[in-house]
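**Student:**
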Amino acid sequence: MGKLIVHQDKITDIKALTALCPFGAMEDKGGKLEISAACKLCKLCVKKGGGAVEFVEEVEAAIDKSEWKGIAVYVDHVDRRIHPVTFELIGKAKELAAKINQPVYAVFIGSDIKKEAEEVLHYGVDKVFAADNELLKDFKIETYTKAFELFINMVKPAAILVGATPVGLQLAPRVAARFKTGLTADCTVLDIHENTDLVQIRPAFGGNIMAEILTPNTRPQMATVRYKIMDAPERMDEAKGSIEEIAINDSVLTSRVEVLEITKKPKEIGIENADILVVAGRGVKKKEDLKLIEDLAAALGGDFACTRPLVECGWMDAKRQIGLSGRTVRPKLIITCGVSGAIQFLAGMDHAEEIFAVNTDPKASIFKAANYAVVGDLYEIVPKLTEMIKAGRAIL
Amino acid sequence: MEILVCIKQVPGSNKVEVDPVTGVLKRSGADAKMNPYDLYALETGLRLKEKYGGNLSVITMGPPQAKAVIREAFAMGADRGAIITDRKFGGADVLATSYTLSQGIRKFGKFDLIICGLQTTDGDTAQVGPEVSEQLDIPCVSNVRDIKDADDKNLTVDMEMSEDIEKVKISFPCLITVQKDINEPRLPSYKKAKATAQREILEFTLKDMEDTDEKHYGLSGSPTQVQRIFPPNHEKSQETLTGTGETLAGTIYAILKQKKFVA
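Chains A and B supply the protein sequences, listed in that same order.
As numbered in the working numbering, residues 1 to 396 make up the first sequence, in order.
As numbered in the working numbering, residues 1001 to 1263 make up the second sequence, in order.
1. Name, please, each residue of chain A whose Cβ falls closer than 8 Å to the Cβ of residue 1184 of chain B.
2. Does the beta-carbon of residue 384 of chain A have 16 or more other beta-carbons within 10 angstroms, so that it is buried, or is it exposed?
3. Can you find the residues in the same chain that come closer than 8 Å, C-beta to C-beta, to residue 388 of chain A, ignoring five residues on each side of it along the sequence?
4. Around the Cβ of residue 63 of chain A, are there at least 16 other Cβ atoms within 10 angstroms (buried) or fewer (exposed)?
5. Can you name the residues of chain A whose CB is closer than 7 Å to the CB of residue 1035 of chain B?
6. Against chain A, does residue 1261 of chain B count as a neighbour if the rule is that its beta carbon must be under 7 Å from one of theirs?
7. Check whether the region 7-22 of chain A and the region 1089-1096 of chain B touch, using three or more Cβ-Cβ pairs below 8 Å as the test.
8. Kindly say whether residue 1116 of chain B, judged by its beta-carbon, lies nearer than 7 Å to any beta-carbon of chain A.
9. Should residue 246 of chain A and residue 150 of chain A be called a contact, given that it needs their Cβ atoms to be closer than 7 Å?
10. Is residue 280 of chain A helix, strand or coil by DSSP?
11. DSSP three-state label for residue 243 of chain A, please.
12. Run through chain B and tell me which residues come within less than 9 Å of residue 375 of chain A, C-beta to C-beta.
13. Of the choices A:132, A:140, A:380 and A:104, whose alpha-carbon is the least far from that of residue 125 of chain A?
14. Rank A:342, A:91 and A:300 by C-alpha distance to the C-alpha of residue 390 of chain A and give the top, closest one.
15. Using only the alpha-carbon positions, how far apart do residue 55 of chain A and residue 42 of chain A sit?
16. Report yes if the CB atom of residue 1089 of chain B is closer than 7 Å to the CB atom of residue 1199 of chain B, and no otherwise.
17. Between the alpha carbons of residue 358 of chain A and residue 72 of chain A, how many angstroms are there, rounded?
18. Residues bridged to residue 105 of chain A by DSSP?
19. Could you tell me which chain B residues have their CB closer than 7 Å to the CB of residue 343 of chain A, listed as they occur along the chain?
20. With DSSP as the reference, label residue 170 of chain A as helix, strand or coil.
21. Using a Cβ distance threshold of 8 Å, determine whether the region 1160-1171 of chain B contacts the region 250-265 of chain A, with at least three qualifying pairs required.
22. How would you label residue 1029 of chain B, buried or exposed, when you count the other beta carbons within 10 angstroms and need 16 or more for buried?
23. Kindly indicate if chain A contains any beta-carbon less than 7 Å away from that of residue 1189 of chain B.
24. Does the region 174-181 of chain A touch the region 138-145 of chain A, meaning 3 or more C-beta pairs lie closer than 8 Å?
25. Report back the beta-carbon spacing between residue 1001 of chain B and residue 1042 of chain B to the nearest angstrom; my notes put them in contact at under 8 Å.
26. Starting from residue 48 of chain A, trace the beta strand (DSSP E) both ways and give me its first and last residue.
27. What does residue 182 of chain A reach in chain B if we use C-beta pairs closer than 9 Å?
28. How close, in whole Å, do the beta carbons of residue 1142 of chain B and residue 170 of chain A come, if the pair is a contact with beta carbons under 8 Å?
29. So what's residue 1181 of chain B in DSSP terms, helix, strand or just coil?
30. Determine the burial state of residue 136 of chain A: buried for a count of at least 16 other Cβ atoms within 10 Å of its Cβ, exposed for fewer.
31. Here's a check: name, in chain order, each residue in its chain whose Cβ is nearer than 7 Å to the Cβ of residue 192 of chain A, leaving out the five neighbours to either side.
32. Taking residue 1062 of chain B as the reference, give the member of B:1044, B:1008 and B:1103 with the closest Cα.
33. In terms of DSSP beta bridges, what is residue 1199 of chain B paired with?
34. Let me know if residue 167 of chain A comes out buried or exposed under the rule of 16 or more other beta-carbons within 10 Å of its beta-carbon.
35. Please go through the region 294-341 of chain A and give each complete alpha helix (DSSP H) segment of 4 or more residues, from N-terminal end onward.
36. Say whether chain B places a C-beta atom closer than 7 Å to the C-beta of residue 173 of chain A.
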């Protein structure tokens, strides 16, 4: 919280100063330096501007952080089928809660959910708070937000983790806006300070940069995390912890949305669930050459995928795109072919167990993420490798 | 039907790097474009307008040069445009951005339907749309992949969930965010661009808002704070393989075999 103040008299070289800004937010207006709305408050001009730009901190009315305790996880489900990201987040929440010696909660909103709430207790949460009401059978933004609001007011958790699923991506922002609190999307790393400030790390500025984000002056702190980023704990044979009901009155569950019909999606391409993936990048020169990638994938008994530019060219279905704006994958083996390795792509696959990267450019950033940096031409390597795998199989 | 589409100007390229020595952020190229996801939102709005009548307005928030995306929307067929711009809005996170947008929207007019793209390519959060709906106290449906029907009171859409498609009816006023699969956006028309070159773009600054308290906008109104930015670090056991195509294929094959990926 704070703002920038420009000391015009301390400016020695206005051109050099405006050039400092990576967002082009500083302008020379007739010898006077002005900062435009493009400013992202990265404070580079404060650090490097020789005192010409000053950052003035504004002291906020501090909240009492000790009143907010525990790490809560939203139980993501559609018609009581719990999304596995829920268990991954419970795993992370347990780790964070242990550091600050506070409890782990799950918040479960739905109808007739007793059995499913019991199931959550097998993953080591201290309490499941259940908002169980017929009117909560289907996900509707207003009723679910209301139930979430009641949970927060009742429990006052320090932090809430929500899966970045179609439900979580609507519910989390709606709740965050209601509590006028911070929400950090698609965190890839989470940690916690002793004062319960949640350390949220995510790729930012749409580029090759990671940002560490805190929500220091509001509670609850909220973060969404994608599926397959965190590790799920083992299911315990015995259920531990208890289920507590969130009292909810029918009259507060009004909605301007009506669910008319729910149909199963047709069976889709599921690169998320593939154990082996072969990925085509911009190093593939023609659409026809994708056959090389598909053949290798077939020989390995895996599936194939691609990077964003290939989807934008219309070469492959968007459902096969890996990365922040595509799918997150976590295969046992991934072989990237002609992929340069933009951060958004890496964020979608760098949890793969074995990464082979084939690229002709020894400086390609994909190599930083790879276990095996293969400096070479995919056009020479891929067909040969496919042949060898096929031949190997034939011998057996 | 009074329709509003929220659009944003984003960097033309996502090439941003941190200089490992100085820690300085390097941003290459100053070119900017309309957030690609917003084109689908605009197309959705234009088709609804063509079918049911009414007006299509667009609103954006950003520095004055972001007016370019409003001009582009005019060239696609939008009727009215407004920009929310003020230095005091800089450094806004999701909450402050959605609050500023909701204030600007209240100022701009009354709308039956607000359409947003699923996400932007620079922020990549997909959260601003739903937060705007809360700030305006209207219902919201995200991830819309098809518009089924509309009348003067309701809109019926298909919302995509993880495993299902939910057909939902939502009453006006409301907000939806639409996916890329929803349609094929039209190209801007040169004729329309020329005809609208002089069309007025409204400008809203802090003093035009219902709430003029600086503390609710920009960095001051943002509960999240960026502590530091750093280049991604990949700590992994690494091996670099070089040689001819044939040797490399052989080496990869041997490793895959050793690790039991191939027989």
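A virtual CB, placed ideally from N, CA and C, is assigned to each residue, including glycine.
**Tutor:** Taking the geometry as given:
1. Walking along the second sequence from the start, residue 1184 of chain B turns up at place 184. Ordered by position in chain A, no residue passes the 8 Å Cβ test against residue 1184 of chain B, which lies about 11 Å from the chain.
2. Translated into positions along the first sequence, residue 384 of chain A becomes position 384. Classification for residue 384 of chain A: buried.
3. Against the first sequence, residue 388 of chain A aligns to sequence position 388. Cβ within range, chain order: n/a, list empty.
4. Walking along the first sequence from the start, residue 63 of chain A turns up at place 63. With fewer than 16 Cβ atoms within 10 Å of its Cβ, residue 63 of chain A is classed as exposed.
5. Reading the second sequence from its first residue, position 35 is the one you call residue 1035 of chain B. Those do not exist, as residue 1035 of chain B stays about 10 Å from chain A at its closest Cβ, beyond 7 Å.
6. Counting from one through the second sequence, the residue named residue 1261 of chain B turns up at place 261. Yes, residue 1261 of chain B lies at the interface with chain A (some Cβ there is under 7 Å from its Cβ).
7. no
8. Position 116 of the second sequence, counted from the first residue, corresponds to residue 1116 of chain B. Cβ-Cβ to chain A under 7 Å: no for residue 1116 of chain B.
9. By 1-based counting over the first sequence, the position of residue 246 of chain A is 246. By 1-based counting over the first sequence, the position of residue 150 of chain A is 150. Going by C-beta atoms, residue 246 of chain A is nearer than 7 Å to residue 150 of chain A.
10. The residue you call residue 280 of chain A lines up with position 280 of the first sequence. Three-state DSSP puts residue 280 of chain A in a strand.
11. Here residue 243 of chain A corresponds to residue number 243 of the first sequence, with the count starting at 1. Of the three classes helix, strand and coil, the one that applies to residue 243 of chain A here is strand, per DSSP.
12. Within the first sequence, numbered from 1, the residue matching residue 375 of chain A stands at position 375. Near residue 375 of chain A (Cβ distances below 9 Å), the residues of chain B are 1240, 1241, 1242, 1243 and 1248.
13. The residue given as residue 125 of chain A occupies position 125 in the first sequence. Per the Cα distances, A:104.
14. As a first step, residue 390 of chain A is located in the first sequence; it is residue number 390 there, counting from the start. For residue 390 of chain A, the nearest C-alpha among the options comes from A:300.
15. The residue you call residue 55 of chain A lines up with position 55 of the first sequence. The residue you call residue 42 of chain A lines up with position 42 of the first sequence. Cα to Cα, residue 55 of chain A sits roughly 11 Å from residue 42 of chain A.
16. As a working mapping, residue 1089 of chain B is identified with position 89 in the second sequence. As a working mapping, residue 1199 of chain B is identified with position 199 in the second sequence. No, these two residues do not count as a Cβ contact at 7 Å.
17. Within the first sequence, numbered from 1, the residue matching residue 358 of chain A stands at position 358. Within the first sequence, numbered from 1, the residue matching residue 72 of chain A stands at position 72. Distance between the alpha carbons of residue 358 of chain A and residue 72 of chain A: 42 Å.
18. The residue given as residue 105 of chain A occupies position 105 in the first sequence. Residue 105 of chain A pairs with A:72 and A:127.
19. Your numbering for residue 343 of chain A matches position 343 in the first sequence. The answer, in chain order, is 1232.
20. Start at 1 with the first residue of the first sequence, and residue 170 of chain A comes out as number 170. It is helical.
21. yes
22. By 1-based counting over the second sequence, the position of residue 1029 of chain B is 29. With a pLDDT of only 48 at residue 1029 of chain B, under 50, the local geometry of the prediction cannot be trusted, and the value read off the model is given with reservation. By the neighbour-count rule (16 or more Cβ atoms within 10 Å), residue 1029 of chain B is not buried but exposed.
23. Here residue 1189 of chain B corresponds to residue number 189 of the second sequence, with the count starting at 1. Output row for residue 1189 of chain B: interface = no.
24. yes
25. Residue mapping note: residue 1001 of chain B aligns to position 1 of the second sequence, counting from 1. Residue mapping note: residue 1042 of chain B aligns to position 42 of the second sequence, counting from 1. The pair is not a contact, with the Cβ atoms about 15 Å apart (cut-off 8 Å).
26. Along the first sequence, read from residue 1 onward, the residue named residue 48 of chain A stands at position 48. First-last for residue 48 of chain A: 44-48, but that is the alpha helix (DSSP H), not the beta strand (DSSP E).
27. On the first sequence, position 182 is the one that residue 182 of chain A refers to. Going along chain B in sequence order, the residues near residue 182 of chain A (Cβ under 9 Å) are 1093, 1094, 1095, 1222, 1223, 1224 and 1225.
28. The residue given as residue 1142 of chain B occupies position 142 in the second sequence. The residue given as residue 170 of chain A occupies position 170 in the first sequence. Confirmed, about 4 Å.
29. Within the second sequence, numbered from 1, the residue matching residue 1181 of chain B stands at position 181. The answer is helix: DSSP assigns residue 1181 of chain B an H, G or I state.
30. For the purposes of this step, residue 136 of chain A is identified with residue 136 of the first sequence, where counting begins at 1. With 16 or more Cβ atoms within 10 Å of its Cβ, residue 136 of chain A is classed as buried.
31. By one-based count along the first sequence, residue 192 of chain A stands at place 192. Within the same chain, residue 192 of chain A has close Cβ partners 96, 99, 100, 198 and 199.
32. Within the second sequence, the letter at position 62 stands for residue 1062 of chain B. Nearest of B:1044, B:1008 and B:1103 to residue 1062 of chain B, Cα basis: B:1008.
33. One-based indexing of the second sequence puts residue 1199 of chain B at position 199. According to DSSP, residue 1199 of chain B bridges with nothing at all.
34. For this step, residue 167 of chain A is matched to residue 167 along the first sequence. Classification for residue 167 of chain A: buried.
35. 308-312
36. Here residue 173 of chain A refers to the residue found at position 173 when the first sequence is read from its first residue. Interface residue, yes.
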